[in-house]
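Asks: Below are the structure tokens for one structure; questions will follow.
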Amino acid sequence: MKRPLIFITNDDSYWAKGIQLLIQLMSNIGDVVVVAPLTQQSGKSHAITTIRPLRLKKMEEREGFIGYTCNGTPVDSVKMAFSVVFKDRKPDLVVAGINHGSNASINTIYSGTMAAVFEGCAEGIPSIGFSVDNHDVEADFSHCSSFIEKITNDVLEKGLDKNICLNVNFPEDEIKGIKVCHQAKAYWNESFLERKDPMGFSYYWLTGQYNCLDENNRADHLAMKDGYCAITPMQVDLTAYKVIEDYKIRFE
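Position one of the sequence shown corresponds to residue 1 (the UniProt record's numbering), numbered consecutively onward.
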């Protein structure tokens with residue numbers, strides 16, 4: 001029986017510890033192809049590169065595994081993978097991560113990892129993003145392993161509804177179980193800290209405070225903070241269907 005073909009990418013770069021663990025876990029399930037950014041690309045959302053050439057470099061190849069770097073964004077990596085690497089056989093699954101830091105709530109729209117998931121979903125492939133609420137580049141994510149394998153095997157066996165993908169966020173420490181959640185209502189209160197370079201010119205560092213407005217324990221951010229693996233089904237289609245009829249009356 002042919003092993004499933006699993007495409008892995010991320011936004012923390014090919015070298016990140018999170019993606020290396022994901023490679024190990026997915027290699028137990030199927031054949032793996034990695035196309036991941038050459039450098040750190042966190043916060044790039046759905047950005048694509050149009051003003052400079054992109055390069056795809058094979059880094060490793062062994063039985064059941066091929067790894068490439070792309071000198072672009074996470075979505076560049078996915079687009080190049082489908083155009084160049086998967087010309088003869090499409091993957092059975094797209095998985096992105098394991099992201100160093102939560103992609104729950106409002107963070108989803110900024111995330112390069114989740115943008116890669118949406119891009120895989122737009123290609124018609126079941127797609128999952130895995131993230132852990134820990135930004136430490138040396139973090140140990142092994143406490144998530146059994147849950148990642150369980151979710152992956154379930155999706156490979158049963159698939160996902162058309163145009164639906166999964167945003168999976170794990171707590172930093174022990175996991176109590178799984179909750180299927182909605183996206184928490186939240187916002188970032190941002191500020192830019194001004195500094196001076198040796199020539200006296202200003203430069204700025206972005207910082208901010210996360211503010212959760214949700215109190216529902218089925219909100220992804222709150223479920224994750226309460227120790228649960230939060231699974232949020234998401235969709236590529238951003239249409240606000242509930243207001244279409246009202247807006248037809250208003251604008252047409």
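From the three backbone atoms N, C-alpha and C, an ideal C-beta is built for every residue, glycine too.
Because the structure is a prediction, the values reported are computed rather than measured.
1) Taking 7 angstroms as the limit between beta carbons, can you name the residues of its chain near Ser127, skipping five residues before and five after?
2) Let me know if His135 comes out buried or exposed under the rule of 16 or more other beta-carbons within 10 Å of its beta-carbon.
3) At what residues does the beta strand (DSSP E) containing Cys212 begin and finish?
4) Note the first and the last residue of the continuous alpha helix (DSSP H) segment covering Asn134.
5) Quick check on this structure: which residue in Asn107, Thr50, Val35, Ile66 has the alpha carbon closest to the alpha carbon of Phe82?
6) Report yes or no: do the region 152–163 and the region 238–249 share at least 3 C-beta pairs separated by less than 8 angstroms?
7) Between Pro53, Lys79, Tyr210, Gly200, which has its C-alpha nearest Ala184's C-alpha?
8) In the DSSP output, which residue or residues are listed as bridge partners for Thr69?
9) Between which two residues does the beta strand (DSSP E) harbouring His100 extend?
10) Which stretch, first to last residue, makes up the alpha helix (DSSP H) that contains Tyr247?
11) Taking only the alpha-carbon atoms, compute the straight-line gap between Phe65 and Ile244 and give it to the nearest angstrom.
12) Bridge partners of residue 287, per DSSP?
13) Could you check the C-alpha separation between Met199 and Asn103 for me, to the nearest Å?
14) Compute the beta-carbon to beta-carbon distance between Gly177 and Tyr228, rounded to the nearest angstrom, for a pair I have assumed lies under 8 angstroms.
15) If you draw a straight line from the C-alpha of Ile109 to the C-alpha of Ser45, how long is it?
Replies: Reading from the atomic positions:
1) Within the sequence shown, numbered from 1, the residue matching residue 127 stands at position 127. Excluding residues up to 5 positions away in sequence, Val94, Val117, Gly120, Cys121, Cys165 lie with their Cβ nearer than 7 angstroms to the Cβ of Ser127 in the same chain.
2) In the sequence shown, the residue the question calls residue 135 occupies position 135. Of the other Cβ atoms in all chains shown, fewer than 16 fall within 10 Å of the Cβ of His135; this residue is therefore exposed.
3) The count along the sequence shown starts at 1 and reaches residue 212 at position 212. Segment 202–212, the beta strand (DSSP E) holding Cys212.
4) Translated into positions along the sequence shown, residue 134 becomes position 134. No alpha helix (DSSP H) holds Asn134; DSSP gives it neither H nor E.
5) In the sequence shown, counting from the first residue as 1, residue 82 sits at position 82. Here the closest residue by C-alpha is Val35.
6) Touching, no.
7) Here the question's residue 184 lines up with position 184 in the sequence shown. When C-alpha distances from Ala184 are compared across Pro53, Lys79, Tyr210, Gly200, the shortest belongs to Tyr210.
8) Sequence index remark: in the sequence shown, residue 69 carries index 69 (1-based). Answer is Ala36, Lys57, bridged to Thr69.
9) Residue numbering aside, residue 100 sits at position 100 when the sequence shown is read from its first letter. 93–100 is the extent of the beta strand (DSSP E) around His100.
10) Numbered from 1 along the sequence shown, position 247 holds the residue referred to as residue 247. Segment 244–251, the alpha helix (DSSP H) holding Tyr247.
11) Residue numbering aside, residue 65 sits at position 65 when the sequence shown is read from its first letter. Residue numbering aside, residue 244 sits at position 244 when the sequence shown is read from its first letter. C-alpha separation (whole angstroms): 46 angstroms.
12) The structure shown has nothing for residue 287, since the chain only spans 1 to 252.
13) By 1-based counting over the sequence shown, the position of residue 199 is 199. By 1-based counting over the sequence shown, the position of residue 103 is 103. Here the alpha carbon of Met199 sits roughly 38 angstroms from the alpha carbon of Asn103.
14) As a first step, residue 177 must be located in the sequence shown, where it is residue number 177. As a first step, residue 228 must be located in the sequence shown, where it is residue number 228. Confirmed, about 6 angstroms.
15) The residue you call residue 109 lines up with position 109 of the sequence shown. The residue you call residue 45 lines up with position 45 of the sequence shown. Cα to Cα, Ile109 sits roughly 6 angstroms from Ser45.
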